[in-house]
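Numbering (the working numbering), first residue to last: 1385 to 1693.
Cβ atoms here follow ideal geometry from the backbone N, Cα and C, with glycine treated the same way.
Just so we're clear, the structure is a prediction, and the values are computed from it rather than from any experiment.
What follows is a set of notes on a single structure, which appears directly below.
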Amino acid sequence: MSIDFKDKVAIVTGAGGGLGREYALELARRGAKVVVNDLGGSRDGTGTSDAAAKVVEEIEKAGGEAMANGASVTEYDQMEKMVADAKEKWGGVHILINNAGVLRDKTFAKMSPEDFEFVVKVHLTGSAMATKACWQLFRDQAYGRVLMTASSTGLFGNFGQANYGAAKLGLAGLTKTLQLEGAKYNIKVNTLSPVAGTRMTEDLFPEEAFKLFDPVNVVPAALFLVSEDAPTNAIVGAGAGGFHSSWTVMNDAVWLPEDERTVEGFAANWDKISDFSNLKAPQSGQEQSGNILTAMQKVTGGGPSSARS
């Protein structure tokens, strides 16, 4: 099976280096026309650069088509213009990879409110603004592929990254709602949790590990998740040639009769409530209430009216 992106237009944010650059280059190799978006600057979000133009030059030298874009993902009007420019030049936009990001790591005790807000704004709000700028076009053309970039910090936690973790788990939540809203328009939305040696992580890895976690090793997962036959609502981890899936799961509900619905009653049932042996991965938030009703019916033999009698 050969996967190509012929006749597709892709936007990759934060594509001036690291993961975004690798995504843009491989999309172009496989036939996509690519908008290389990068505001530039250092990993804390300050400064500017011409990184996007250099990636476009690489793509064009290899025979591909690309355009540089220096818009900020946090500015919705700039994202709208980026999408409009791509549509004017190439007739549409089919793929969005939300990759732009910054780091301002400190323990929560030492983190300023401004540093918390800025990181959330770039990662979470920025991805939402870029996606919103594409969304109506995706609906109109009945085709869209969106990839959110989460992180193990968001999914599982990491010391000193409260701002980053909050934003990254928020992106997984954004994915879960957008994949529901986009389903009837053939819009698929997925979440990638990459581990890669980039300027964002260069002082977090020992030298050998930094080389092992080359960003190119994440590309197969990212491009599959924005391909025509992609799944939707997936959370995929990738790095150093290893790939895995993650899920937001819940166990079977434990229904407590009215006379046990006390703090003490909850405590007495905590072992069952926290049981790890019967997990399932809901596909929408409605399944939580369904889970509770199922548990109630097992105990009462009926619905809500039985529970009250």
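- Query: Who are L1480's beta bridge partners in DSSP?
  - Reply: I1395, V1530
- Task: May I have a chain-ordered list of the alpha helix (DSSP H) segments no shorter than 4 residues that lie completely inside the stretch 1561–1641?
- Result: 1591–1596, 1603–1608
- Can you tell me which of the three DSSP states A1450 falls into? strand
- Query: Would E1642 be called buried (16 or more neighbouring beta carbons within 10 Å of its own) or exposed?
  - Reply: exposed
- With a threshold of 16 other CB atoms inside 10 Å of the CB of I1387, please say whether the residue is buried or exposed. exposed
- What first and last residue would you give for the beta strand (DSSP E) that runs through V1420? 1417–1421
- Message: Between which two residues does the alpha helix (DSSP H) holding M1466 run?
- Response: 1460–1474
- Across which residues does DSSP place Q1545 in a beta bridge pair? K1490
- S1536 lies in the alpha helix (DSSP H); which residues open and close that run? 1536–1540
- Message: Would the stretch 1489–1501 count as touching the stretch 1435–1446 if we require 3 or more Cβ pairs under 8 Å?
- Response: no
- Message: Measuring straight from C-alpha to C-alpha, what distance separates T1632 and V1573?
- Response: 15 Å
- Item | For K1664, the three-state DSSP class (helix, strand or coil) | strand
- Going along the chain, which residues of its own chain have a beta-carbon closer than 6 Å to the beta-carbon of L1562, five neighbours each way excluded? V1573
- Message: Just verifying my parser: in three-state terms, what is the DSSP assignment at A1437?
- Response: helix
- So, helix, strand or coil for F1389, using DSSP? coil
- When the Cα atoms are used, what is the spatial distance from G1685 to F1650? 22 Å
- Cβ-Cβ separation, F1597 to R1621 (assumed contact under 8 Å), whole Å: A small correction: the amino acid at residue 1621 is Gly; Arg does not occupy that position in the sequence shown. At roughly 12 Å, the Cβ-Cβ gap does not stay under 8 Å, so G1621 and F1597 are not in contact.
- Is there contact here, the stretch 1463–1477 with the stretch 1400–1408, by at least three beta-carbon pairs under 8 Å? no
- What are the boundary residues of the alpha helix (DSSP H) that E1644 is part of? Looking at the DSSP string, E1644 is not in any alpha helix (DSSP H), and its letter there is neither H nor E.
- Compare the Cα-Cα distances from E1749 to each of M1513, D1499, K1445, E1498 and report the closest residue. Residue 1749 lies beyond the residue range present for the chain, which begins at 1385 and ends at 1693; the question has no answer from this structure.
- Apart from the five residues just before and just after S1693, which ones in its own chain have a Cβ nearer than 6 Å to its Cβ? Here S1693 scores only 38 on pLDDT, less than 50, and its place in the model is too uncertain to base an answer on.
- Query: Which class does N1675 belong to by DSSP, given the choice of helix, strand or coil?
  - Reply: helix
- In chain order, what residues of the same chain lie with their CB nearer than 8 Å to the CB of A1450, ignoring the 5 residues before and after it? A1408, A1412, K1417, V1418, V1419, V1420, V1439, V1440, I1443, E1444
- Message: Any heavy atom of the ligand MG inside 6 Å of the beta-carbon of V1530?
- Response: This structure lacks the ligand MG, and indeed carries no ligand of any kind.
- Task: Using alpha carbons as the reference points, say which of V1504, L1521, G1424, K1505 lies closest to E1472.
- Result: L1521
- C-alpha gap between H1507 and N1453, whole angstroms: 18 Å
- Task: Out of A1637, S1456, G1544, L1607, state which residue places its alpha-carbon closest to the alpha-carbon of E1410.
- Result: L1607
- Query: Distance, Cα to Cα, Q1672 vs P1666?
  - Reply: 8 Å
- Tell me where the alpha helix (DSSP H) around A1512 begins and ends. 1510–1525
- Message: Considering Cα atoms alone, identify which of A1614, L1663, E1612, H1628 is closest to V1602.
- Response: H1628
- Task: For my contact list, G1510 and A1484 are in at a C-beta cut-off of 8 Å; report their separation, rounded to the angstrom.
- Result: 6 Å
- Query: At what residues does the alpha helix (DSSP H) containing A1408 begin and finish?
  - Reply: 1402–1413
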